[in-house]
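What follows is one structure encoded as C-alpha cells, with my remarks underneath.
In UniProt numbering, the protein residues as written are 1 to 570.
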C-alpha cells in the first residue's frame, strides 16, 4: 500500500479541521511535519500565551525575553496572539548550568545575553525602533529603551510587548514585588504614542494626533497579585487605564497599606485626567482605596461610557477609612448614566471597633438610569442596623430598603445576607419585613422582576429560611421572582463579571463554588435543597423547623402574612 502524505494528499480544509481539534502537545509535533501544517498550527499555538509562575522557576525573563523578541521581529506571530497571561517578578535567573533536568533553558538563553540575540547592534536597533514607534518624543523613546535594554525590568518589557499585539483581547497580569515602578513608568511613556495600534490597524488617512483614537478593539485586563493578608499593589490600576483600548478592568485585592492622608503629586492617581478613560466595566474585588484615590478614579471615567461598577470592599487589616457617604459622593459624575452597580464587601467587613469608619446608610435614588443593583445590607441599614440588638428593633428600619432604591430597577441583589458580625436576628427582624414592604409598594418599582439574596449556608443558623420561602411565594403573586445564591467556598475559583461567568487565571484566596441559582418559591424544603446541592448545612434536628406544614408561615410578627386577598394582587 502506498504511503500517504497527510500534508499533500488531504485537502487543506480537512487539515485545518484536524489542527483545530488538537491539543498543544500535538500541535508542536504537527509543526515539524510540513510547512503547510506549520502554517495552520501556528495561530493555535500563539493565540493564547501563558507565562505561568511554574515556568519562571529561574525568572520570567528566561521565557519572556525570547517571546518578546520573536513578536517584535515577526508580525505574523504577533497578530496571532489574542490572550496573554504573565507572572512578573524579580529577575533572579541563575547560570544556565543550574537548570535542573526537569526544566529546559530556552534555546539561546544566557545570563550574559538575556535577550538571546548574538548581534548586539541588531538588538539595539530593533529595540530603539520599537521604543520610538510607540512614544511621542525622542526623549521618551530613550527613557523606555534604558528601561528594557538590560532585560531585567520585566514590567517595562511586558508593556513593550503589549504594544505589538494588535489583536489582543485579554491580558492577565499577576504582579509580584519589584516590578511596579518600571511597569507604571513604561505605561506612561507609551500612553502618548501610537497606542491605537494595540487594537488593530490604523487608517493611514488619519492624522498623527488621531491615531490613538481610531480602529480600536476591546481589551479586558485583569490585575492581581500574590499577597495573602495585605492588599496588592494598587498603582497598576490607574496606569493601565491609560490604554485607550481597555474596555473592561478587573482587579483582585487592590489597596493601600495605611491611611497617611494626602500623597505626593507623583502618584499615578493624580495624573489621571478627568473623563479620559473609555472603560465600560470596572470590577474591584476585595479592594480598599483611599477615598481621594477612589474619587479621582471615578472622575477619570467618561460618564455614559462607564456602564458597570463593582466595588467590593475588603482587606480589613488595612487601616484605611471606609465611608459610605464618600463612596456615594465619588459616584456623582455617573448618577445619570450608570446602569449596573455593586457595593458590597468581603466576609469580614467591620472587623475592629473603629469609630473612624462611617458605615452609615446611603440611598441610591440619585441614580436615574440604574437598572441592576447589588448591595450589602450594611449599605442600606448601616453597621448599627445590622449588628446592634437595640437598633434592629426600630420599626423605621423596615421602610429604609424601599426608600433607598431608584424606580428604574429591574434587578435587585441583597448580598452578604448572613456575613460575620451581623446580628443573628436582623434577617427575620429587618431584612425580610423590608422585602415584604418593597413588594407591597410594587407600583413604585414597575420594572422590578427579579430579586436575589446571596448567603453562606454554613454560617450561623438558617431558621430564617422558612420566612424567606414564605416571602418568595408572596412575591411571585406580584410577578417578582426570588432567587438564592450560595456563597459557600468549596475550593473552586470564583468567577468574574456581573454574573460571575468570566474566567481569569487563579487568584490567591478567590474561592467560590459552582452551585446553581435556586428559585426559592419552587422548592418545598430549602434545607433539603441546600443539602442536595452539596452545601455544608449545619447539622441539627430539622423536624421542628423545616416541617412542610409550617414552611409558608413566618414566625416573626412583622413579616407580611401569606394569605393574600385578590384585591391586593396587581
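Ideal Cβ positions, reconstructed from N, Cα and C, are used throughout, including at glycine.
Check                                                                                                                                                                                     : Outcome
Going by C-alpha distance, which of 379, 84 and 391 is nearest residue 324?                                                                                                               : 379
Any idea if residue 154 is buried or exposed, counting beta-carbon neighbours within 10 angstroms, 16 or more meaning buried?                                                             : buried
Which stretch, first to last residue, makes up the beta strand (DSSP E) that contains residue 459?                                                                                        : Unbroken run through residue 459: none, as it is neither H nor E.
Is residue 231 near residue 256, with beta carbons less than 9 Å apart?                                                                                                                   : yes
Buried or exposed: which applies to residue 441, given that a residue is buried once 16 or more other Cβ atoms fall within 10 Å of its Cβ?                                                : exposed
May I have the straight-line CA-CA distance separating residue 525 from residue 451, to the nearest angstrom?                                                                             : 19 Å
For residue 410, name the three-state secondary structure that DSSP assigns.                                                                                                              : coil
From 484, 372 and 76, pick the residue whose C-alpha is nearest to that of residue 41; which is it?                                                                                       : 76
What's the gap between the Cα of residue 161 and the Cα of residue 72?                                                                                                                    : 8 Å
Per DSSP, residue 86 is paired with what?                                                                                                                                                 : 51 and 173
Should the stretch 311-326 be called in touch with the stretch 335-349, which here means at least 3 C-beta pairs below 8 Å?                                                               : yes
Tell me whether residue 186 is buried or exposed, calling it buried when 16 or more other Cβ atoms sit within 10 Å of its Cβ.                                                             : buried
Taking the DSSP output, what are the residues bridged to residue 303?                                                                                                                     : 306
Less than 8 Å between C-beta atoms, sequence neighbours within five positions excluded: which residues of the same chain meet that for residue 449?                                       : 410, 411, 479, 480 and 481
Tell me, which residues are paired with residue 282 by DSSP?                                                                                                                              : 249 and 309
Between residue 414 and residue 377, how many whole angstroms is the CB-CB distance? I'm expecting something under 8 Å.                                                                   : 6 Å
Can you name, in chain order, every residue of its own chain whose Cβ lies under 6 Å from the Cβ of residue 489, other than the five neighbours on each side?                             : 511
For the stretch 420-438 against the stretch 390-402, are there 3 or more C-beta pairs whose distance is under 8 Å?                                                                        : yes
Here's the rule: buried if 16 or more other CB atoms are within 10 angstroms of the residue's CB, otherwise exposed. What is residue 514?                                                 : exposed
Could you give the C-beta distance for residue 296 and residue 272, rounded to a whole number, given that I count them as a contact under 8 Å?                                            : 6 Å
DSSP state of residue 80, grouped into three classes?                                                                                                                                     : helix
From residue 48 to residue 173, what does the alpha carbon distance come to, in whole angstroms?                                                                                          : 14 Å
Round the Cβ separation of residue 279 and residue 303 to the nearest angstrom and send it over; I've been treating them as touching at under 8 Å.                                        : Rounded, the Cβ-Cβ distance is 12 Å, inconsistent with contact.
Please report the straight-line C-alpha distance between residue 655 and residue 270, rounded to a whole angstrom.                                                                        : Residue 655 lies beyond the stretch modelled for the chain, which goes from 1 to 570, so this question has no answer here.
To which residues does DSSP link residue 287 through a beta bridge?                                                                                                                       : 313
Select from 408, 461 and 393 the residue whose C-alpha is nearest the C-alpha of residue 419.                                                                                             : 461
Determine the DSSP secondary structure at residue 364, reduced to helix, strand or coil.                                                                                                  : coil
Please report the straight-line C-alpha distance between residue 191 and residue 135, rounded to a whole angstrom.                                                                        : 7 Å
Could you name the residues of the same chain whose beta carbon sits closer than 7 Å to that of residue 126, not counting the 5 residues immediately before and after it, in chain order? : 72 and 73
Using only CA atoms, which one of 157, 493, 299 and 283 lies nearest to residue 274?                                                                                                      : 299
Along the chain, which unbroken stretches of the alpha helix (DSSP H) at least 4 residues long are found entirely within the stretch 133-167?                                             : 138-148 and 154-164
Check whether the Cβ atoms of residue 277 and residue 241 sit closer than 9 Å, and answer yes or no.                                                                                      : yes
Only counting the same chain, and skipping five residues up and downstream in sequence, which positions put a Cβ closer than 8 Å to that of residue 476?                                  : 482 and 521
Check whether the stretch 163-173 and the stretch 78-89 touch, using three or more Cβ-Cβ pairs below 8 Å as the test.                                                                     : yes
Alpha carbon to alpha carbon, what distance is there between residue 384 and residue 259?                                                                                                 : The predicted position of residue 259 is uncertain, since its pLDDT is 48 and thus under 50; a value taken from the coordinates is nonetheless stated next. Looking at the two C-alpha atoms, the distance is approximately 24 Å.
Run through DSSP, which three-state label would residue 203 get?                                                                                                                          : The pLDDT assigned to residue 203 is 38, lower than 50, so where the model puts this residue is not dependable; a value taken from the coordinates is nonetheless given after this. Coil.
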